[in-house]
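Student: Residue numbers for the sequence shown follow my numbering, beginning at 8 and rising by one.
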Amino acid sequence: MTWSNFNLQNSASPLMEQIIFFHDHTLIILIMITILAGYLMLTLFFNKFNNRFLLENQLIELIWTIIPTITLIFIAFPSLKLLYLLDELNNPL
8 MTWSNFNLQN
18 SASPLMEQII
28 FFHDHTLIIL
38 IMITILAGYL
48 MLTLFFNKFN
58 NRFLLENQLI
68 ELIWTIIPTI
78 TLIFIAFPSL
88 KLLYLLDELN
98 NPL
């Protein structure tokens, strides 16, 4: 390990390796969400068009509900798998 590394320390067990993979998986999802939110904010800020007659749109509300649910599922399943793998230890300490 050198001073200029921003990575996690090398793993000493297979469980720690799984934790590092989960960290990387979650970090990629969070980076994609941040980039998408930043892009949408910039495009909406510089957009000169507006829809004054849009009162409700069921499709947009459905998409706003389903996409975060799917994102949380992609984070929750690996997290639960890792939680049960960590719980199966015979001697915790």
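The beta carbon of each residue, even a glycine, is placed where N, CA and C say it ideally should be.
How big is the Cα-Cα spacing for K55 and I27?
Tutor: Going from the Cα of K55 to the Cα of I27 covers about 44 Å.
Student: Check each candidate in A19, F29 and M39 and name the one with the smallest Cα separation from K88.
Tutor: The residue with the shortest Cα to Cα distance from K88 is F29.
Student: Could you check where the alpha helix (DSSP H) with L92 kicks off and where it finishes?
Tutor: First-last of the alpha helix (DSSP H) with L92: Q65 to D94.
Student: Mind checking which residues open and close the alpha helix (DSSP H) that includes Q25?
Tutor: Element bounds for Q25: P21 to F53.
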